[in-house]
Each structure stands twice: as structure tokens, then as C-alpha cells.
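If you're matching positions, the sequence shown starts at 1 in UniProt numbering and goes up one per residue.
Idealized CB from N, CA, C, for every residue including glycine.
The structure presented is a predicted model; accordingly, all values stated were derived computationally and were not measured.
As C-alpha cells, the structure follows; a few thoughts come after it.
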Amino acid sequence: MALIVQKYGGTSVGSAERILAVAERVKRWRDQGNQVVVVLSAMSGETDRLIGLARQIQERPEPRELDVLMSTGEQVTIALLSMALSAQGCPARSYTGAQVHILTDSAHNKARIRDIDAARVKADLDAGHVVVVAGFQGIDELGDITTLGRGGSDTSAVAIAAALKADECQIYTDVDGVYTTDPRVEPKARKLERITFEEMLEMASLGSKVLQIRSVEFAGKYKVPLRVLSSFGEGEGTLITFEEDAVENAKIAGIAFSRDEAKLTVLGVPDQPGVAHQILGPIAAANIEVDMIIQNIAAQEALTDFTFTVHRNDYARAMEILEASAKQLGARQVLGDLQIVKISLVGVGMRSHAGIASRMFSALAQEGINIRMISTSEIKISVVVDEKYLELGVRTLHEAFGLDQASAA
Ligand code: ADP
Ligand code: ASP
Ligand code: MG
Numbered sequence: 001m002a003l004i005v006q007k008y009g010g011t012s013v014g015s016a017e018r019i020l021a022v023a024e025r026v027k028r029w030r031d032q033g034n035q036v037v038v039v040l041s042a043m044s045g046e047t048d049r050l051i052g053l054a055r056q057i058q059e060r061p062e063p064r065e066l067d068v069l070m071s072t073g074e075q076v077t078i079a080l081l082s083m084a085l086s087a088q089g090c091p092a093r094s095y096t097g098a099q100v101h102i103l104t105d106s107a108h109n110k111a112r113i114r115d116i117d118a119a120r121v122k123a124d125l126d127a128g129h130v131v132v133v134a135g136f137q138g139i140d141e142l143g144d145i146t147t148l149g150r151g152g153s154d155t156s157a158v159a160i161a162a163a164l165k166a167d168e169c170q171i172y173t174d175v176d177g178v179y180t181t182d183p184r185v186e187p188k189a190r191k192l193e194r195i196t197f198e199e200m201l202e203m204a205s206l207g208s209k210v211l212q213i214r215s216v217e218f219a220g221k222y223k224v225p226l227r228v229l230s231s232f233g234e235g236e237g238t239l240i241t242f243e244e245d246a247v248e249n250a251k252i253a254g255i256a257f258s259r260d261e262a263k264l265t266v267l268g269v270p271d272q273p274g275v276a277h278q279i280l281g282p283i284a285a286a287n288i289e290v291d292m293i294i295q296n297i298a299a300q301e302a303l304t305d306f307t308f309t310v311h312r313n314d315y316a317r318a319m320e321i322l323e324a325s326a327k328q329l330g331a332r333q334v335l336g337d338l339q340i341v342k343i344s345l346v347g348v349g350m351r352s353h354a355g356i357a358s359r360m361f362s363a364l365a366q367e368g369i370n371i372r373m374i375s376t377s378e379i380k381i382s383v384v385v386d387e388k389y390l391e392l393g394v395r396t397l398h399e400a401f402g403l404d405q406a407s408a409a
């Protein structure tokens, strides 16, 4: 007998019909003698709908109240699934995050899980129930409802799996696994049988929204066996593995991309010690995360240019702050660009293979795609390019590195 945690995303529970299909799948796993905990998202589109309603009332909704509102989406699906399971003769109980003590910090709209009291869930499992838990939500020390950030049900599932020491955490979604890149952008993308935990972490943090990054971090920290698979069909999906050797000997695991980027530049600042700090200090103080940074080499005048990127949501605030510090520094001009994206190659094989970067740059050059910024780490290379080149850039690299279905076969 195994203990399995299954998470179903928004599309997988998007209608009464879909919920009945999920119930059938859950029941099958239980009938095979497994203990099953199910974690659910809200129906697809529901969280967006709720946020839209809030914005009609308040331009920037109060985070605490937004959490009370957003968390209702998941309460609907857990109740419906429990009913569907009971109707199919499979005893089930639904719980909100608070009811099973998913304790988080108080950072509303992006709370982090601190602790889970698994006793109630375990007691139910031992009594033969399927336990259905609302994803995306928790409760803080004050008893206030919190949510975990968009896509947070993945993290709920992995955290519950860790707390229960589950044998596997299965993330059911609308694709049948983790692909070499988002199959919606490159239809030739290939499903991976396995991906290393490190690569998955990079892919998620560089924009692949198939798993929320915190869920991958959690899986790494507590060594939770994690699998991504389809709720619409059968198949083994993709296993996130901790053994590098077990993975096919590819240099590149996949390509991630992010549209959530914005670039800010300050022109003509003095090239002297302390300037980077004067520019980025106030940005950091405002809790805005800076991603890539470039400082040009000063020409004769001892003036330099400084460019960095932030999340698009932080652009307006970052611009305000930068304009103030640019004035203090006597900078010539401040520029902003929202029409940029980041494309990244990810693979542990990069450690032992030279020449990946030059191949990447030459492939992009051949398509006339100008690279605006570059950053690298041991297992990834990211470039910033104009937004209009996103699809072309991803497909070009996908082919150049032999990731297409045909070239791999
Ligand atoms: P859910 O609602 O089930 O949580 P998400 O929309 O959050 O589903 O995640 C699944 C989606 O992630 C897919 O439909 C796909 O478009 C996207 N995606 C992005 N990158 C990848 C990738 N490398 N492999 C598979 N899917 C990806
Ligand atoms: N319903 C939440 C969202 O749309 C959480 C999730 O689906 O994982 O972001
Ligand atoms: Mg998701």
C-alpha cells in the first residue's frame, strides 16, 4: 500500500464533468489499495475572475481581503470532488487549508508554508477516507487566510506530501508531462521522461509555469518524489529525479522563457565607486527583485550606462525610484522598455560541454534576433530579446539544439 498525493489543476477540475472524471481516477488509485490525498485548484479562470471583481472595487485590492476572496475558488472544487467521490461509493472528506492547519507566514498573496499538522489527514486516511484539501491557501498565526501566489496549489501538494512522507506526489495537469519547452509555443516540443531536480528548478524559476517554483524547492528540500502527468489520459508523465546519471545524456534539457520582464536604463552616470549601490540600493529597499544587470565600460568621459531588469509588475515603481536616484546622480537620461522577454537554455550537461553559448548566439544571429542582455550560470544561459522575437527565438533554439521530436528520434 502506498500513500499518494495527487494535485489537479484548474483545467482538470474546470467543469462538473471534469470533476466526475477526476473522481473516477482517484477512486481507481484507492481501489488499488493506496491511500490518496487530493489537492485541488479552483476551476480554470476562477481565480482570475475573482481578482477582476476585486479590481472593480479597488484598483489595488487590499492583500488580506484579496486572500479571503481568492481562497473561495478552491473551496468550491474540494466540496464538489468530495461529493463526486461519495456518489461513486468512495468515502471522502474535504478540508480548507485552515482546517488542516497549513500554517504560513503573513505575507498575503505570496505566503510561505511553515508547518502542516498532518494528524487530521492521517486519521482520516486510516479510517479509509480519501482526503481532499484546498490548494493555494493556508492560515497565518493570527488565524487570517493567506494564499501562496499564483500556481500555488502545486506547492500545497508538495508540502502536504512532505508532511505525510508520501510515496509520490503526482501533479495532474493539461499536458502529459514536462516538455523540452512549452508545447503551446513550440508544437515540436518533446516530452521528457525524466528531468533532474536542478534542471526543473531552473526551468521553473526562468518562467516555465508547469510547476510553481516553490513546489520544486520544497520537493528538493524534503526529497519528495514528484511526477507531472495528464489528467486527460494515461501515461507515466515526467519524473523529477534527484539522480543526474539517470537522465538521458543531453546537453540541454529544455528552453524556458518569460514574458514578465521589463528593462530600465540610466544613461550617463559617473563611473566611480558606489554608483551601482546608489542605483540599486533604493530598488532593493523597495523590495523589488532585480534580475539581470549590465554596466557598460566608460568611454573617455568617465561616464557610464547602467541597465537592469525587473518583473513587469514592478516596472512602474522601479521607474519612479530610478528617476529619483538618477536626478541625484546627475544622470543624463532614464529609459524604460516593457517590450522585452527572456529566453533561457537549461541543462546540467552545460557543465561539461563548452561552446553552448556560442552556438546559441549564432543560431539567434542567423535569424536576425538581436540579443540585448546575457546572463549565465553553471546550468543555464539566458538572453533578453525583443518581445516580438519570443516564438521565433524559442523555435530557433529548439531546433539548433536538436530538441525537436524528429531530431531526437
Ligand atoms: P494547472 O492549471 O494544471 O496548474 P498550468 O497552466 O499551471 O496548469 O501548467 C500547465 C501548462 O504549463 C501547460 O499547459 C503548458 O502550456 C505550460 N508549460 C510551460 N512550460 C512547459 C513545459 N516545459 N512543459 C510542459 N508544459 C509547460
Ligand atoms: N487557483 C490558483 C491560481 O490560479 C492556484 C493554482 O491554480 O495553483 O493561481
Ligand atoms: Mg499551475
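- With respect to the beta strand (DSSP E) encompassing Arg227, which residues constitute its N-terminal and C-terminal limits? Element bounds for Arg227: 226-230.
- Task: For Glu391, I'd like the list of residues in its chain whose CB is within less than 7 angstroms of its CB, leaving aside the five on either flank, ordered along the chain.
- Result: Once the five neighbours on either side are set aside, the close Cβ partners of Glu391 are Val185.
- Task: Taking 8 angstroms as the threshold, find out whether the segment 132-148 comes into contact with the segment 190-204 through three or more Cβ pairs.
- Result: In short, these stretches do not touch, since the Cβ pair count stays below three.
- Considering only the beta carbon of each residue, do Arg312 and Glu261 sit closer than 8 angstroms? Arg312 is a Cβ neighbour of Glu261, given a cutoff of 8 angstroms.
- Message: Going by C-alpha to C-alpha distance, which of Glu367, Ser375, Glu236, Met373 sits closest to Val394?
- Response: The option with the nearest alpha carbon to Val394 is Glu367.
- Query: Cβ of Arg184 versus every heavy atom of the ligand ADP: is any distance shorter than 7 angstroms?
  - Reply: Indeed, a heavy atom of the ligand ADP lies less than 7 angstroms from the Cβ.
- So what does DSSP say about Gly10, is it helix, strand or coil? Correct three-state label for Gly10: coil.
- Any contact of the segment 2-12 with the segment 166-179, i.e. 3+ C-beta pairs under 8 angstroms? Yes: the two stretches touch, three or more of their Cβ pairs being nearer than 8 angstroms.
- Figure out for me which residue from Ser12, Ile279, Thr307 has the closest Cα to the Cα of Tyr172. The candidate whose alpha carbon is nearest that of Tyr172 is Ser12.
- Straight-line CA distance for Asp174 to Thr238? Straight-line measurement puts the Cα of Thr238 at about 13 angstroms from the Cα of Asp174.
- Query: So Lys221 packs on Phe242, CB below 8 angstroms; how close in whole Å?
  - Reply: Phe242 and Lys221 do not touch by the CB rule: their CB atoms are close to 12 angstroms apart, not below 8 angstroms.
- Message: Per the DSSP calculation, Gly138 is bridged to which residue(s)?
- Response: Looking at the DSSP output, Gly138 shares a beta bridge with Thr146.
- For Ser375, collect the residues of the same chain with a Cβ closer than 7 angstroms to its Cβ; drop the 5 residues on either side in sequence, then sort them by chain order. Only Met292, Ser382 meet the Cβ criterion.
- Message: Within the continuous alpha helix (DSSP H) that includes Gln328, where are the two ends?
- Response: Per DSSP, Gln328 belongs to the alpha helix (DSSP H) from 315-329.
- Close beta carbons around Ser325, own chain, < 7 angstroms, minus the five adjacent residues each side: Cβ-Cβ distances below 7 angstroms link Ser325 to Gln278, Ile279, Pro282 in the same chain, with the five nearest sequence neighbours on each side left out; the list follows chain order.
- Message: If you follow the alpha helix (DSSP H) that Gly361 is in, where does it begin and where does it stop?
- Response: Here residue 361 turns out to be Phe, not Gly, going by the sequence shown. Where Phe361 is concerned, the enclosing alpha helix (DSSP H) stretches over 356-366.
- Less than 8 angstroms separating the beta-carbons of Phe306 and Val290? No, they are not a contact pair.
- Taking all protein chains shown into account, do 16 or more other C-beta atoms lie within 10 angstroms of the C-beta of Leu335, making it buried, or fewer, making it exposed? Exposed, by the Cβ-count rule.
- Query: Would the segment 64-74 and the segment 146-164 be scored as touching if the rule is three or more Cβ pairs under 8 angstroms?
  - Reply: Below 8 angstroms, enough C-beta pairs join the segment 64-74 and the segment 146-164 to call them touching: three or more.
- Item | Candidates Gly268, Ala256, Lys188, Ala365: closest to Glu399 by CA position | The candidate whose alpha carbon is nearest that of Glu399 is Lys188.
- Task: Spell out whether any CB of chain C is found under 8 angstroms from the CB atom of Leu125.
- Result: Of the chains in the structure shown, none is chain C; there is only one protein chain.
- Backbone secondary structure at His398 - three-state DSSP: His398 falls in the helix class under three-state DSSP.
- Item | Alpha carbon of Gln78 to alpha carbon of Ser94, nearest angstrom | The sequence given here places Ile at residue 78; Gln does not occur at that position. Approximately 6 angstroms, taken between the alpha carbons.
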